[in-house]
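**Q**
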């Protein structure tokens, strides 16, 4: 009798745990929709969308696999279709790999040469202070010199030339 009650309690607890997990997933999906802007492929919005995903992942301690799902959840249209195909075709793919694929298709700056050209023409906007301009400059410099060894040293020496 006690053993049967124990089994029933175990099953009830397991059901409760499963329902709680489902609720947690639903609340997490709602949170993503409220915190991360939806991205539909507009190149001008890509960088902010990526930053929002990275920030959300850091604040919620998401693992890389879950970060891919956040990108999928916060995308629409052709971006969502692309991520769906990529996830299906690359079941072991990592977030950095997906991020690189998304950048090559939807980012305003798609390669280092283009970033370097923009970097050469970059000027401080009348409405931005030095700190904001420096951050914009550093972000673009990182894109221009992505994948090169000693990236930080190259960026610093190049920034001295630009200033």
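Residue numbers (our numbering): 613 to 775. Beta carbons are placed, not taken as given, at the ideal position from N, Cα and C, and that holds for glycine.
Measuring alpha carbon to alpha carbon, tell me which residue in 648, 690, 684 and 752 is nearest residue 727.
**A** Cα-wise, what sits closest to residue 727 is 752.
**Q** Using C-beta distances below 6 Å, list every residue in its chain close to residue 735, excluding the 5 sequence neighbours before and after it, in chain order.
**A** Excluding sequence neighbours, residue 735 sits near nothing in its chain.
**Q** Please go through the same chain and pick out, in chain order, the residues whose beta-carbon is closer than 6 Å to the beta-carbon of residue 700, but skip the five residues on each side of it.
**A** For residue 700, where only same-chain residues beyond five positions count, there are no Cβ hits under 6 Å.
**Q** If the criterion is Cβ atoms closer than 8 Å, does the pair residue 655 and residue 719 meet it?
**A** Taking 8 Å as the Cβ cut-off, residue 655 and residue 719 qualify as a contacting pair.
**Q** Measuring straight from C-alpha to C-alpha, what distance separates residue 739 and residue 729?
**A** Approximately 23 Å between the Cα atoms of the pair.
**Q** Taking the alpha-carbon positions, what's the residue 749 to residue 626 distance?
**A** Between residue 749 and residue 626, the C-alpha separation is close to 53 Å.
**Q** Roughly how far, in whole angstroms, is the beta-carbon of residue 742 from the beta-carbon of residue 682, given that I think they are within contact range, below 8 Å?
**A** That pair is no contact at about 33 Å.
**Q** Cα separation between residue 686 and residue 646?
**A** Near 10 Å, if we compare the C-alpha coordinates of residue 646 and residue 686.
**Q** With distance defined between alpha-carbon atoms, name the residue in 693, 717, 680 and 692 nearest to residue 706.
**A** Checked all of 693, 717, 680 and 692; the closest Cα to residue 706 is 680.
**Q** If you reduce the DSSP assignment to three classes, tell me which class residue 652 lands in.
**A** In the structure shown, residue 652 sits in coil (DSSP, three-state: anything other than H, G, I, E or B).
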